[in-house]
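Notes to accompany the following structure.
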Amino acid sequence: MSDISIALPDGSQRQLPAGSTAADLASAIGKRLAKDALVAVVDGKPVDLNRPLADGQQVQIVTPDSELGLDTLRHSTSHVLAQAVLSLWPGATFAIGPSIADGFYYDFSLPDSATFSEDDLERIEARMREIVKADQPFIRSELAPDDARALMAEHPYKREIIDRVTSGDASGMEAEAAGGNSVSFYRNTDAFVDMCVGPHVPTTGRLGHFKLMKVAGAYWRGDEHQPMLQRIYGTAWATKDQLAEHLKRLEEAAKRDHRKLANELDLLSFPSELGGGLAVWHPRGAIVRKVMEDYSRARHMAAGYQFAYTPHLARAQLFETSGHLSFYADGMYPPMEMDNGVYYPKPMNCPMHVLIYKSRQRSYRELPLRLFELGTVYRYERAGTLHGLMRARGFTQDDSHIFVPLEGLADEIRSLLDFVIDMLRSFGFDEFQAKLSTRPAEKSIGTDEMWELSTKALAGALDAHGLDYTIDEGGGAFYGPKIDVDVRDAIGRAWQLSTIQVDFNHPERFGLEYVAPDGERRPPVMVHRALMGSLDRFFGVLLEHYAGNLPLWLAPVQVEILPVAADHEDYAWSVRDRLAAAGLRVEVSGAGDPLGRRIRNAKMQKVPYVLVVGDTDVAAGTVGVNPRGGDVERDVVLGAFEARLAVEAVPGTTGPTAAAAGQA
RNA sequence: GCCCGAAUAGCUCAGUUGGCCAGAGCGCUGCUCUUGUAAAGCAGAUGUCGUCGGUUCGAAUCCGACUUCGGGCUCCA
């Protein structure tokens, strides 16, 4: 038998007997690699380890420490889940079970419309452990489509996938389940075979560091008109430690949950008497919001915006003209029938700003006209979608509409993008990811020229800024292209916050125009933009980003002063008055409770600076400084402390107490 | 809207198979205590057991509807 030559990733060649498999290759390279190997990548394609190799192939052995390795491990674990469920629920059928971020899921349909409950997870997981212990092989086979259909006679969802795949219109997730003129299967036992393109780990014994997380309903093919399947989510990792770390990360994230923090820090609440998705802001939350609003207004003023105020209601006619009623009536609160017409709560501010533009004739000399409003809107979000401040029914946008001649668009967008990023930086975000969404394929309004020009203006601004961005081809709104900006928070999660949207629709629908230098009347382009987006949601993101340890300028209480004993209260108050006069938010906590208790309370409230004042301080005009996340300093001269705070409390900055706030 | 689950004191949560006046810790109120960096002591008050209806001799507990919340799906101008 002649040898074959295999190229390895490091560029070296290795000779193996003909008929050798990827597993053989791994063994030839090393014992350790053979033990860790899960799958192989042959000439760029992931395959099973027992696949025979051919002369001249480029082969990489994949272990669990790579993304592909981990993915395979998760995907294989989903097959184990399927086997467990199908054996525990005779008559159950299964749909798809891909790997996802951190884990996997599998969708099932149980006989007699039965559903899973949380309690079932334990039984299923126990059965999965048995399957892992049995060390079943994953054996690949390929069948002609008709044979495949026969094999999956009892499983309508699988047959539907076969039909779609073999008819050639497969896409995304379904393409992974099979391919081409044959359909591949993986058999674990005589009783369990799943249709799957693979590859898989060699045996179930390679799995084991997994945990079933939750049950959920999920529509077949993600379509709400299709039947609802029963989904089970799990997480899976290469090692026990990785699994433990992941579970710990989830716990840490739960500690940062803005709903929990908002309650603990007495910032706001969602009283059920008020109705779903509607918040009341308590004094501590309201002061933070006021600081955010004041800062936003100051920045807008400096950037050449003009303020506007508009009402919460408008006649149906306005939303008919704007197009909101025909496109988004489902998401609007229902109409109020009055004797002089029908009124709706506003879902957006734009039509109102358009009316301001339209209130008189406009000249090119006053463009760009930038109208800004902290505008409160109401949208009837479906009941199951509400999620604290992140998804509410009433919220306030830092909303602006800019009216600009088409030829001025590029400059305007460029400076606007700078403004957006700078504003986000001020709140402590420094990692951004942008997305440029272009003209939708189906229906859209505006001429080719307008689309091209404005898309170019957006792309040009992104390039000029050097901002990293992806292109979402056809992802724009029907009325124009847009840029969305995501930020990454302290624990690596992405949040979409800002949006810049070009709009040809409103100017057209409302017949907007301006008088150009040549005396012609032309339509302006309208730009919608929000920086924080929803102020409420932004507040929630900030809380989670800082784990409640807001930077000094935003903290509801910036300094809390604790007199050691009753004798020191007068001094404590004099310190308070001095700091308050300097514009700081300061509270005194009297000596009724022991000092240790008061320190603990202040720390739990995440106050940036706790000051302890006693005999020596009264005598010397000093304070004891206990900063959030730092070490205690005694005998700090009050003036020196005040000077430090004057620097740290500047709006739009983060100081040592916020930097220390990274940990939950 | 759909699937799974939850709702008991201001907060966090116990409450056995339906059975006396429904509990704990924290918080709150009062009194006592009062000197240096993460929980002082004693006493006390507090509940239409989410709402409405049903089953039952009897319901926090079982059933139904509704409201709100959590986890998903769908949706997000």
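In my numbering, the protein residues as written are 702 to 1365. We put the CB at the ideal spot given by N, CA and C, even for glycine. In this text the structure is predicted, and so the values were computed from the model without any measurement.
Can you tell which of 706, 748 and 1285 has the C-alpha that lies nearest to the C-alpha of residue 729?
On the first sequence, position 28 is the one that residue 729 refers to. When each option's Cα is compared against that of residue 729, the closest is 706.
Kindly identify the DSSP beta-bridge partner or partners of residue 1288.
Taking the first residue of the first sequence as 1, we reach residue 1288 at position 587. In the DSSP output, where bridge partners are listed per residue, residue 1288 has 1261.
Using the three-state DSSP reduction, which class does residue 919 fall into: helix, strand or coil?
By 1-based counting over the first sequence, the position of residue 919 is 218. Here residue 919 carries a strand assignment [DSSP, helix/strand/coil].
Please specify which runs of the beta strand (DSSP E), each continuous and at least 3 residues long, are wholly inside the stretch 1076 to 1145, giving them in chain order.
1095 to 1105 and 1133 to 1138
Using the C-alpha atoms, what's the distance from residue 1294 back to residue 1167?
Position 466 of the first sequence holds residue 1167. Position 593 of the first sequence holds residue 1294. Residue 1167 and residue 1294 have their C-alpha atoms spaced approximately 55 Å apart.
Would DSSP call residue 1415 helix, strand or coil?
Outside the displayed range of the chain (702 to 1365) lies residue 1415, so it cannot be described from this structure.
Would you report the Cα separation of residue 749 and residue 922, rounded to the nearest angstrom?
In the first sequence, residue 749 corresponds to position 48, counting from 1. In the first sequence, residue 922 corresponds to position 221, counting from 1. Residue 749 and residue 922: Cα-Cα distance of roughly 28 Å.
By the DSSP assignment, the alpha helix (DSSP H) with residue 730 in it spans what residues?
Within the first sequence, residue 730 is the residue found at index 29, counting from 1. Segment 723 to 730, the alpha helix (DSSP H) holding residue 730.
Quick one: measure Cβ to Cβ for residue 780 and residue 798, integer angstroms, because I've assumed they're closer than 8 Å.
Against the first sequence, residue 780 aligns to sequence position 79. Against the first sequence, residue 798 aligns to sequence position 97. Contact between residue 780 and residue 798 holds: their C-beta atoms lie close to 7 Å from each other, under 8 Å.
How many whole angstroms separate the CB atoms of residue 1196 and residue 1350, which I take to be in contact at a CB cut-off of 8 Å?
Stepping through the first sequence from its first residue, residue 1196 is reached at position 495. Stepping through the first sequence from its first residue, residue 1350 is reached at position 649. No, residue 1196 and residue 1350 are not in contact; Cβ-Cβ is about 26 Å, not under 8 Å.
Between 1278, 931 and 1269, which lies nearest to residue 1321 when the distance is taken from Cα to Cα?
The sequence position of residue 1321 within the first sequence is 620, counting from 1. Selected option, being the one with the closest Cα: 1269.
Could you check what DSSP says for residue 1189 in three-state terms: helix, strand or coil?
Counting from one through the first sequence, the residue named residue 1189 turns up at place 488. DSSP places residue 1189 in strand when its eight states are reduced to three.
Use the C-beta contact count for residue 1262: other C-beta atoms within 10 angstroms, 16 or more gives buried, fewer gives exposed.
The residue labelled residue 1262 in the question sits at position 561 within the first sequence. Result: buried.
By a C-beta neighbour count over all protein chains shown, 10 Å radius and 16 as the cutoff for buried, is residue 1247 buried or exposed?
Numbered from its first residue, the first sequence carries residue 1247 at position 546. Buried, by the Cβ-count rule.
Assuming residue 796 and residue 808 form a contact by the criterion Cβ under 8 Å, report the distance between their Cβ atoms to the nearest whole angstrom.
Position 95 of the first sequence holds residue 796. Position 107 of the first sequence holds residue 808. Confirmed, Cβ separation roughly 4 Å.
Three-state secondary structure (DSSP) at residue 967?
As a working mapping, residue 967 is identified with position 266 in the first sequence. In the structure shown, residue 967 sits in coil (DSSP, three-state: anything other than H, G, I, E or B).
Who are the near neighbours of residue 1300 in its chain, counting only those whose CB is closer than 8 Å to its CB and skipping five residues on each side?
Here residue 1300 refers to the residue found at position 599 when the first sequence is read from its first residue. The answer, listed in chain order, is 1263, 1311, 1313 and 1327.
What does the alpha-carbon distance come out to for the pair residue 1307 and residue 1358?
As a working mapping, residue 1307 is identified with position 606 in the first sequence. As a working mapping, residue 1358 is identified with position 657 in the first sequence. Cα to Cα, residue 1307 sits roughly 10 Å from residue 1358.
Answer yes or no: do residue 1138 and residue 1177 have a C-beta to C-beta separation smaller than 9 Å?
Position 437 of the first sequence holds residue 1138. Position 476 of the first sequence holds residue 1177. Contact: yes.
Out of curiosity, what's the CA-to-CA distance linking residue 735 and residue 727?
Taking the first sequence and counting its residues from 1, the one referred to as residue 735 is at position 34. Taking the first sequence and counting its residues from 1, the one referred to as residue 727 is at position 26. Between residue 735 and residue 727, the C-alpha separation is close to 5 Å.
Is it right to say residue 1083 is buried, meaning 16 or more other beta carbons lie within 10 angstroms of its own, or is it exposed?
Stepping through the first sequence from its first residue, residue 1083 is reached at position 382. The residue is exposed, with fewer than 16 neighbouring Cβ atoms inside 10 Å.
For residue 853, write down the residues that DSSP places opposite it in a beta bridge.
The count along the first sequence starts at 1 and reaches residue 853 at position 152. Answer by DSSP bridge pairing: none, since residue 853 is not bridged.
Leaving out five residues on either side along the sequence, give the residues of the same chain with a beta carbon under 8 Å from the beta carbon of residue 882.
As a working note, residue 882 is residue 181 in the first sequence. Counting only Cβ-Cβ distances below 8 Å, and skipping sequence neighbours, we find 845, 846 and 867.
Quick check: what's the CA-CA separation for residue 840 versus residue 745?
Your numbering for residue 840 matches position 139 in the first sequence. Your numbering for residue 745 matches position 44 in the first sequence. Cα to Cα, the separation comes out at about 22 Å.
With burial defined as no fewer than 16 other Cβ atoms inside 10 Å of the residue's Cβ, what is the status of residue 1348: buried or exposed?
If you number the first sequence from 1, residue 1348 lands on position 647. Flag for residue 1348 reads exposed.
According to DSSP, simplified to helix, strand and coil, what is residue 1381?
For the chain, the structure presents residues 702 to 1365; residue 1381 sits outside this window and is missing.
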